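These protein sequences, in sequence, are chains A and B.
Numbering-wise, the first sequence is residues 616 to 1025 according to this note's numbering.
Numbering-wise, the second sequence is residues 99 to 450 according to this note's numbering.
C-beta: ideal position from N, C-alpha, C; glycine also.
In this text the structure is predicted, and so the values were computed from the model without any measurement.
Down below is the structure, laid out as structure tokens.
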Amino acid sequence: MDLSYGSEYDLFREEVRSFIREFKDKQPKADDGIKSQAMRDWQSLLVQHGYHSRTIPEAYGGFGAEPDIIKSRIIAEEFGAQRVHRGFNGQGVTMLTPVLLEMGTEEQKKTFIEPTIRAEMIWCQGYSEPGAGSDLASLTTKAELDGDDWVVNGQKIWTSTAHHADWIFCLVRTEPEAPKHLGISFLLFRMDTPGIEIRPLVDMTGDANFNEVFFTDVRVPKTQIVGERGQGWQVANAILGHERGSLATPDAALNRLNGVKRLMREESINGAPIMDNPIFRDRLMKLEGRALAMQYNDMRLLSAKINKNQDVRLAAMIVKLAGTELRHEIECLGIDVMGEIGLSYGDNPHLRGHGSWQYQYMFYLGLIIGGGTSQIQKNIISERGLDMPKEPKIPLKVAQAAPDGASREA
Amino acid sequence: MDFGLSQDQRLLDESLRKFLTSEVPLDSVRKLAAGESSDASVWQGLASMGLAGVLIPEAYGGAQLGMLDAVAIAEALGYAACPGPFMSTAVMASYYLEQAGATDPLAAMAAGTYRVGIAFSDAIGTRKGHIVEVDSALSGQSLFALDAEADAYLIGLGDGRVFMIEASEVVRTPLTTVDVTRSVCELTLNDTPACLVSSDPELLKQTLYRGRAIQAADTLGAAQYMLDEAVAYALERKQFNRVIGSFQAVKHMCAEMASQLEPCRAFVWYAGHAFDEAADEAALTACHAKAHLAEVGQFVAKTSTEVHGGMGFTDLVGLHYWFKRIGFNRQLLGSPEAVRQEAAVLDELRRP
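See the structure below:
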């Protein structure tokens, strides 16, 4: 076991630190939106120095460095420690760009990657539909070829950045006769194309973190497809893998746990700090044990990326399930230690932490469900991690006859 | 950077597991349970692989390895539900005696011919009948002394002092526990002369923390065995014309076990590593690992038994030996609640 990064990286860490010292003041302020000039300037500065889009080739506007997991980690550590803005990391940056690099045409790479990583082109993701959640491949939004255009009709849901997105990457059914996984294509189109309607979807937090997007005869040039016709499912799966782990980082869980500790020291009941209550303290320590397990698991995953000497498939697969459930419980403890104060919300003057405890408690329930529900995660873990068989398919006639329309799972 | 076991550690693990598969099959555990054999021959076998002296300096014939090696060994021993006094003599007593400068027994301990048991119950929480010292003689009872076959015992007192006493000097009553793979006894002393090894309460604590890290690793191994068995059984057993492992209800039980257990591997490795390389984190990490593995182990032990259905409840498949080993680890050297309370103190959340 060697947990040092090695002396050759000390110099790099120093470089990152001096960048932060010099440019920290230029980072966007809290009220600078994702389309503000301040955000774009900061983004350009980060890309120029290799602290964003580090490994994207220079030809596509990136920094063009060789992949180096440790350097990426050092950047994350230093920016995190100094609480410096990491730059814009929307779905276009984290999900579309890797896919274009792998499956896009040269022209698509040249057209889309640079403005995307410079936060000049904001993307939203059009995957889920009202009738296609866990069974995403059953999606029915269709695109039919008419001359040189695809004509798109249907509806998407859970489209998080739709209201300020310039473009959408969207799964549509182009081959209605093909088996469901083989009939899907991956289209790119502008969000100001005629026929697109966006409706905010208010969730249990009271905010509209997501939208519904409706398509009526939306015309898309037929070249704006990634991969071949009918290959969209492979493309989509390549990026879903990117999304899952990022929903539950152990560093954030430990930060929130420290927040609970602060609350427990500051808040008191009948004159005694909550921290002196053995029941709450035991719950806190239980969660700390779980959070530490996830942190060391994360170090093991990082190490496996560098050394390739360990099979960490299972260790990677459990992160979304275990991490989101853990985070939900940490937020719950934050609420519980406050007693009646814990019920405060919205503009209540007695809020603690700007109301983040109740908000995150609900938001993390959303993340337990989103990005592949906990139950779908358990299918993935048992089938791909433990090599257990898939649930056998019920013959279509039986399934349709079932009163509850049971099991459409692939 | 390399988080995990080194090449040497993996080789040791591999040969140890090979040895355990051939020399410690379920039948040998059953014989032990029936009182038809002792753990002596297994311990000799492990000693010949260098396990008895894993922490003992080379000068005394030991392997002079670290705690990361020791937790990796403990994980393999737990996986096999291997009988024997690894935690007590090879880790806790070896560490204590070496640190205290009482090196005389180390060579024989490394050879596996001399076993030093651990009687720390008073140091963990004083109970009725505890040991008192008057003029270098001890009186009273020490419950749950580890290793009923030991040649000598380290007896920890409530004030942190530790005395050593030869087994022949004490009345030793074997105690039945749920777990037959580790032997435990009650020591009765009646104005028995004893040798003070050290009065340093911190040394006793450091020894206790090492024991806890080993227990966490042992539970990890035992729970991994139970998960592997559950998955294998679910792929074999058929009901309603399908293997039960194709039902989501069963798959999800297995996925939940894996989801809780898999991060524990990195946790246990780090707990071992911390003693070797990050001393200021070692105590807290060991306490957290011990308490966390107690909870995860209990969940896996219950769930794996349920996946086996009625067979899991019988003696026929022998799964209960691992269930009980995990239960033993949960209580010994502090229950999860008591250990978390200590963790809170170490975390500086609350003064003792």
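### Task
Could you confirm whether any beta carbon from chain B is found closer than 9 angstroms to the beta carbon of proline 682 of chain A?
Here residue 682 of chain A corresponds to residue number 67 of the first sequence, with the count starting at 1. Not closer than 9 angstroms to any Cβ of chain B, the Cβ of proline 682 of chain A fails to qualify, so no.
### Query
Taking Cβ-Cβ distances shorter than 9 angstroms, what residues in chain B pair up with alanine 937 of chain A?
Stepping through the first sequence from its first residue, residue 937 of chain A is reached at position 322. Here the neighbours are Ser357, Gln358, Glu360, Pro361.
### Query
Listed in chain order, which residues of the stretch 260–283 of chain B have Cβ atoms closer than 7 angstroms to some Cβ of chain A?
none
### Query
In chain B, which residues lie with their C-beta within 7 angstroms of the C-beta of aspartate 897 of chain A?
In the first sequence, counting from the first residue as 1, residue 897 of chain A sits at position 282. Here the neighbours are Glu435, Arg438.
### Query
Within the 9 angstroms Cβ cut-off, does glutamate 998 of chain A reach chain B?
As a working note, residue 998 of chain A is residue 383 in the first sequence. Output row for glutamate 998 of chain A: interface = yes.
### Query
Got a sec: is the Cβ-Cβ distance from glycine 102 of chain B to anything in chain A below 9 angstroms?
Counting from one through the second sequence, the residue named residue 102 of chain B turns up at place 4. By this cut-off, glycine 102 of chain B is an interface position.
### Query
Rounded to whole angstroms, how far is the Cβ of serine 687 of chain A from the Cβ of methionine 99 of chain B, which I believe are closer than 8 angstroms?
Stepping through the first sequence from its first residue, residue 687 of chain A is reached at position 72. Stepping through the second sequence from its first residue, residue 99 of chain B is reached at position 1. Contact doesn't hold; Cβ gap of about 13 angstroms is too wide.
### Query
Buried or exposed: methionine 207 of chain B, going by 16 or more other Cβ atoms within 10 Å of its Cβ?
The residue given as residue 207 of chain B occupies position 109 in the second sequence. Methionine 207 of chain B should be labelled buried.
### Query
Taking the continuous beta strand (DSSP E) assigned at arginine 628 of chain A, which residues delimit it?
Residue numbering aside, residue 628 of chain A sits at position 13 when the first sequence is read from its first letter. Note, arginine 628 of chain A: premise wrong, no beta strand (DSSP E); alpha helix (DSSP H) at 623–638.
### Task
Write down the C-beta distance between phenylalanine 703 of chain A and alanine 734 of chain A rounded to the nearest angstrom, noting that I regard them as a contact closer than 8 angstroms.
As a working note, residue 703 of chain A is residue 88 in the first sequence. As a working note, residue 734 of chain A is residue 119 in the first sequence. 4 angstroms between Cβ atoms; contact.
### DSSP-derived helix/strand/coil call for threonine 271 of chain B
Residue 271 of chain B sits at position 173 when you count from the first residue of the second sequence. Here threonine 271 of chain B sits in strand by DSSP.
### Query
Taking any Cβ of chain A, which residues in the stretch 191–214 of chain B have a Cβ under 7 angstroms from it, in chain order?
none
### C-alpha distance - arginine 814 of chain A paired with alanine 311 of chain B, whole-angstrom precision
If you number the first sequence from 1, residue 814 of chain A lands on position 199. If you number the second sequence from 1, residue 311 of chain B lands on position 213. Rounded to the nearest angstrom, the two C-alpha atoms are 54 angstroms apart.
### Message
With three or more C-beta pairs closer than 8 angstroms as the rule, is the stretch 412–427 of chain B touching the stretch 358–374 of chain B?
### Response
no
### Message
Under 9 angstroms, Cβ to Cβ, is there at least one residue of chain A near alanine 321 of chain B?
### Response
Against the second sequence, residue 321 of chain B aligns to sequence position 223. Judged by the 9 angstroms Cβ criterion, alanine 321 of chain B is not in contact with chain A.
### Task
Evaluate arginine 898 of chain A with the Cβ neighbour count: other Cβ atoms within 10 Å of its Cβ, from every protein chain shown; 16 or more gives buried, anything less gives exposed.
Position 283 of the first sequence, counting from 1, holds the residue named residue 898 of chain A. Buried, because 16 or more other Cβ atoms sit within 10 Å of the Cβ of arginine 898 of chain A.
### Query
Who are the neighbours of isoleucine 685 of chain A on chain B, taking C-beta pairs under 9 angstroms?
Stepping through the first sequence from its first residue, residue 685 of chain A is reached at position 70. Here the neighbours are Met99.
### Task
Taking alanine 441 of chain B as the query, report the chain A residues whose CB atoms sit under 7 angstroms from its CB, ordered along the chain.
Residue mapping note: residue 441 of chain B aligns to position 343 of the second sequence, counting from 1. In chain order: Met900.
### Task
Return the Cβ separation of leucine 166 of chain B and glutamine 107 of chain B in integer angstroms, given the expectation that the two are a contact with Cβ distance under 8 angstroms.
The residue you call residue 166 of chain B lines up with position 68 of the second sequence. The residue you call residue 107 of chain B lines up with position 9 of the second sequence. With 8 angstroms as the limit, leucine 166 of chain B and glutamine 107 of chain B qualify as a contact, their Cβ atoms being about 7 angstroms apart.
### phenylalanine 365 of chain B: contacting residues in chain E (beta-carbon distance under 7 angstroms)
Looking at the structure shown, chain E is missing, and the protein chains on hand are A and B.
### Query
So, does the CB of arginine 340 of chain B fall closer than 9 angstroms to a CB anywhere in chain A?
As a first step, residue 340 of chain B must be located in the second sequence, where it is residue number 242. Output row for arginine 340 of chain B: interface = yes.
### Query
Of the choices B/Ala330, B/Leu144, B/Tyr158, whose alpha-carbon is the least far from that of alanine 168 of chain B?
Residue 168 of chain B sits at position 70 when you count from the first residue of the second sequence. The shortest C-alpha separation from alanine 168 of chain B is found at B/Leu144.
### Message
Applying the 10 Å Cβ sphere with the 16-neighbour rule, what's the burial state of lysine 639 of chain A?
### Response
To locate residue 639 of chain A, count along the first sequence from 1; it is residue 24. Exposed: under 16 other Cβ atoms inside 10 Å.
### Task
Return helix, strand or coil for valine 833 of chain A, following the three-state DSSP convention.
For the purposes of this step, residue 833 of chain A is taken as the residue at position 218 of the first sequence. Strand.
### Task
Kindly list, in the order they appear in chain A, the residues whose Cβ is closer than 7 angstroms to that of cysteine 352 of chain B.
In the second sequence, counting from the first residue as 1, residue 352 of chain B sits at position 254. Neighbours of cysteine 352 of chain B on chain A, chain order: Ser997, Leu1001, Met1003.
### Task
With DSSP as the reference, please indicate the residues paired to serine 237 of chain B in a beta bridge.
Locating residue 237 of chain B in the second sequence gives position 139, where the first residue counts as 1. B/Val230.
### Task
Pull up the CB-CB distance for valine 952 of chain A and isoleucine 894 of chain A, whole angstroms please, since I reckon it's below 8 angstroms.
In the first sequence, counting from the first residue as 1, residue 952 of chain A sits at position 337. In the first sequence, counting from the first residue as 1, residue 894 of chain A sits at position 279. Going by Cβ atoms, the distance from valine 952 of chain A to isoleucine 894 of chain A rounds to 10 angstroms, so no, they are not a contact pair.
### Min CB distance proline 672 of chain A to chain B below 9 angstroms
For the purposes of this step, residue 672 of chain A is taken as residue 57 along the first sequence, with counting starting at 1. Output row for proline 672 of chain A: interface = no.
### Task
Please classify aspartate 445 of chain B: does DSSP put it in a helix, a strand, or coil?
For the purposes of this step, residue 445 of chain B is taken as residue 347 along the second sequence, with counting starting at 1. Aspartate 445 of chain B falls in the coil class under three-state DSSP.
### Task
Report the residues of the stretch 325–337 of chain B with a CB closer than 8 angstroms to any CB of chain A, ordered along the chain.
Val329, Ala332, Leu333
### CA-to-CA distance, glutamate 759 of chain A to histidine 796 of chain A, given in whole angstroms
The count along the first sequence starts at 1 and reaches residue 796 of chain A at position 181. The count along the first sequence starts at 1 and reaches residue 759 of chain A at position 144. Rounded to the nearest angstrom, the two C-alpha atoms are 17 angstroms apart.
### Query
Would you say lysine 1008 of chain A reaches chain B, if we count a Cβ-Cβ gap shorter than 9 angstroms as a contact?
The residue you call residue 1008 of chain A lines up with position 393 of the first sequence. No, its Cβ sits nowhere closer than 9 angstroms to a Cβ of chain B.
### Query
Does any C-beta atom of chain B lie closer than 9 angstroms to the C-beta of isoleucine 933 of chain A?
On the first sequence, residue 933 of chain A is found 318 positions in, with the first residue counted as 1. Among the residues facing chain B, isoleucine 933 of chain A is included, as its CB has a counterpart in that chain under 9 angstroms away.
### Query
Among B/Val415, B/Ala138, B/Gln439, B/Ile171, which residue has its Cα nearest to the Cα of lysine 901 of chain A?
Against the first sequence, residue 901 of chain A aligns to sequence position 286. Among B/Val415, B/Ala138, B/Gln439, B/Ile171, the Cα nearest to that of lysine 901 of chain A is on B/Gln439.
### Task
Using a threshold of 9 angstroms, state whether the C-beta atoms of leucine 754 of chain A and arginine 701 of chain A are closer than that.
Working through the first sequence from its first residue, we reach residue 754 of chain A at position 139. Working through the first sequence from its first residue, we reach residue 701 of chain A at position 86. No, the Cβ-Cβ distance between leucine 754 of chain A and arginine 701 of chain A is not below 9 angstroms.
### Query
For glutamate 790 of chain A, which of A/Thr756, A/Met710, A/Ile945, A/Ala823 has the nearest alpha-carbon?
As a working mapping, residue 790 of chain A is identified with position 175 in the first sequence. Restricting attention to A/Thr756, A/Met710, A/Ile945, A/Ala823, the CA atom closest to the CA of glutamate 790 of chain A is found in A/Thr756.
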